[in-house]
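S.K.:
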C-alpha cells in the first residue's frame with residue numbers, strides 16, 4: 008500500500024491529551040468547513056439526498072431502459088457497493104418520465120422464518136407483490152384522481168375487487184377510504200354521497216363473502232344461502248378467483264388495469280433481501296428467498312411488467328447456474344479508484360457547500376503522499392468501506408486535537424489508529440471474509456504485511 012507502513016508506534020491521539028480538552032469529530036469537521044460529517048451516513052436511505060455522491064454506472068441507461076416498456080434486470084453487489092443508491096436514483100429518474108410505469112417497492116421480508124424459507128413459492132411472492140401494487144396504485148390515484156376517469160364502471164368494480172382480494176396488513180381502513188375517494192371521483196352532491204355509501208356497503212359485503220368462501224366447508228347449505236345473498240350485492244367473481252392460489256395471470260390482469268389508468272405498466276424494485284431477520288447473518292440464504300421469482304421467465308417477461316432485483320453477490324453465487332442472463336439484463340457493481348475518488352469529491356462538495364472537494368488541506372505533510380493510496384487500498388473498491396475508514400480516521404484526529412487551538416491535521420498516528428479500528432471491526436462482520444478477498448485483489452503485494460501488523 009505504497010510506502011506507508013502500519014507500525015506499532017506510539018499511540019498518538021490515544022494517550023496524548025486530557026479527555027476534557029478533546030474536541031469532537033463534528034467540531035473538527037466544522038473547523039475544516041463542513042456543515043456535517045460526510046462520512047457518518049453510509050446507508051442510502053439515511054443520506055440527505057438521493058443524488059449525493061451518486062456515480063452513474065456504465066450500464067445505467069440499460070438498467071432504466073424504455074420507461075414505456077418495463078423490463079426486468081438483476082443488479083448484484085456486495086454490502087456497501089451502492090445497490091440501494093442505484094435503486095433510489097433509478098426510481099427518481101423514472102418518476103420524471105412523462106410516460107412512466109407505476110413504481111412499487113418490495114423490500115420487506117420480515118414475514119420470512121427459517122422454517123418457511125424451505126417452502127417459499129412463487130405464489131407467496133405474488134400475493135405480496137400484488138398487494139404492494141394495489142397499495143401503490145391507490146396512492147397514485149389519490150394524488151392524481153383524474154386517472155380514475157380512464158376506467159369505466161366495470162373496471163372500477165374490478166379495482167374494488169382486487170382491493171378486497173389482496174388486503175394490506177395494518178392499513179386496510181386507510182386503503183378502503185382511499186378507494187371510496189377515487190371511485191366517487193367526478194360524482195357531485197347527493198349522488199356522490201350515495202355512491203360513497205354504496206361503495207362502503209360493497210366493501211363490507213365483499214369482505215364477508217371472502218370470509219364465507221374461505222372458512223366454511225363445501226356443501227354447507229347455510230353457506231350456500233349466505234353466498235347467494237352476498238353474490239347479489241358483492242363483486243361478481245367466480246369462487247376459484249376468491250379462494251384459489253395466486254397465478255401470474257392474476258398479476259397480468261392487475262397490470263392491464265393499471266395500464267388502462269394511464270401508466271406504462273408496473274415496475275417492482277426488489278431490495279434489502281439480506282436485511283430480513285432470517286437472512287441478515289447469512290446473506291446467501293437470499294438465494295432461496297428470491298429463487299421462485301428470479302427463475303420465472305413468464306413472470307419476468309410479462310408484458311407491461313418488470314422486476315428490478317438489487318441483490319447481494321452471495322445470492323448471485325447461489326443462482327448463477329440457473330439464471331437466464333441471456334434473457335434478463337444482469338450486471339455486477341464494479342468500482343474503480345477513479346470512480347471512488349469522484350464519489351468522495353462529490354460528497355465533500357455537498358457537505359461543504361461546494362467549498363471542499365478533497366481532504367488534502369487537512370492531512371499532515373509527513374503522510375500526505377501516502378494518505379490517499381492507503382485509504383483507497385483498504386477500502387477495497389467499496390464506497391461504504393471508504394467512508395467508514397475516513398470516519399474512523401477523523402475520529403482519531405479529533406481525539407488528539409486540543410480544543411480552541413485550531414489547525415489540527417491528520418497525522419500518521421491518526422491514520423494508523425483509524426485503519427486499525429476499522430479493520431478489526433470489518434473482518435469480524437458476517438462478510439468479513441469477502442472483504443479480505445476484495446482487499447487482496449485491490450493491493451495483492453502490500454496486503455500481507457499490513458495484515459500482520461494489525462495482529463494484536
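Residue numbers (the working numbering): 8 to 463. Beta carbons are placed, not taken as given, at the ideal position from N, Cα and C, and that holds for glycine. None of the values given here were measured: they were computed from a predicted structure.
First and last residue of the beta strand (DSSP E) that includes residue 287?
M.R.: Careful: residue 287 lies outside any beta strand (DSSP E) and carries neither H nor E.
S.K.: Considering Cα atoms alone, identify which of 396, 64, 150 and 104 is closest to residue 271.
M.R.: Nearest of 396, 64, 150 and 104 to residue 271, Cα basis: 104.
S.K.: Buried or exposed: where does residue 61 fall if 16 or more other Cβ atoms within 10 Å of its Cβ makes it buried?
M.R.: Residue 61 is buried by the Cβ-count criterion.
S.K.: Tell me whether the region 161-176 and the region 129-145 touch, counting them as touching only if at least three CB pairs, one residue from each stretch, are closer than 8 Å.
M.R.: With the cut-off at 8 Å, the region 161-176 and the region 129-145 touch.
S.K.: Straight-line CA distance for residue 35 to residue 415?
M.R.: Looking at the two C-alpha atoms, the distance is approximately 8 Å.
S.K.: Could I get the ranges of all uninterrupted alpha helix (DSSP H) runs contained in the region 277-353, with 4 residues as the minimum, in chain order?
M.R.: Qualifying alpha helix (DSSP H) stretches, in chain order: 293-301, 304-307 and 320-326.
S.K.: Helix, strand or coil, according to DSSP, for residue 109 in the structure here?
M.R.: Strand at residue 109.
S.K.: Return the CA-CA distance between residue 85 and residue 159, expressed in angstroms with no decimal places.
M.R.: For residue 85 and residue 159, the distance between alpha carbons rounds to 47 Å.
S.K.: Mind checking whether residue 315 and residue 80 have CB atoms under 8 Å apart?
M.R.: Yes, they are a contact pair.
S.K.: Which whole-angstrom value describes the C-beta separation of residue 273 and residue 124, a residue pair presumed to lie in contact below a C-beta threshold of 8 Å?
M.R.: Wrong, their Cβ atoms sit about 26 Å apart, outside the cutoff.
S.K.: Helix, strand or coil for residue 366 per DSSP?
M.R.: Correct three-state label for residue 366: coil.
S.K.: Taking the alpha carbon of residue 122 as the reference point, which residue from 77, 256 and 292 has its own alpha carbon closest?
M.R.: Minimum Cα distance to residue 122 is reached at 292.
S.K.: Going by CA-CA distance only, name the one from 101, 114 and 444 that's closest to residue 90.
M.R.: It is 114.
S.K.: For residue 300, which residues in the same chain have their Cβ closer than 6 Å to its Cβ, ignoring the five residues on either side in sequence?
M.R.: Excluding sequence neighbours, residue 300 sits near 132.
S.K.: How many whole angstroms separate the CB atoms of residue 41 and residue 352, which I take to be in contact at a CB cut-off of 8 Å?
M.R.: Not a contact, Cβ separation roughly 14 Å.
S.K.: Can you look up residue 269 in the DSSP assignment and give me helix, strand or coil?
M.R.: Looking at residue 269 - three-state DSSP - the assignment turns out to be coil, as it is neither helix nor strand.
S.K.: Just mark residue 368 as buried or exposed, buried being the case when its beta carbon has 16 or more other beta carbons within 10 Å.
M.R.: Result: exposed.
S.K.: Return no unless some Cβ of chain C is closer than 8 Å to the Cβ of residue 343.
M.R.: Protein chain content of the structure displayed is limited to a single chain, and chain C is not contained in it.
S.K.: Rounded to whole angstroms, what is the Cα-Cα separation between residue 448 and residue 340?
M.R.: Answer to the nearest angstrom: the Cα atoms are 15 Å apart.
S.K.: DSSP on residue 450, reduced to helix/strand/coil?
M.R.: Three-state DSSP puts residue 450 in coil, outside helix and strand.
S.K.: So the alpha helix (DSSP H) residue 141 belongs to, where does it begin and stop?
M.R.: Unbroken alpha helix (DSSP H) run through residue 141: 129-150.
S.K.: If we call anything under 8 Å between Cβ atoms a contact, is residue 371 one with residue 418?
M.R.: Yes, they are a contact pair.
S.K.: Quick check: what's the CA-CA separation for residue 374 versus residue 424?
M.R.: Roughly 14 Å between the two C-alpha positions.
S.K.: Could you check which residue in 393, 435 and 262 has the C-alpha nearest to that of residue 45?
M.R.: Measuring from the Cα of residue 45, the nearest candidate turns out to be 393.
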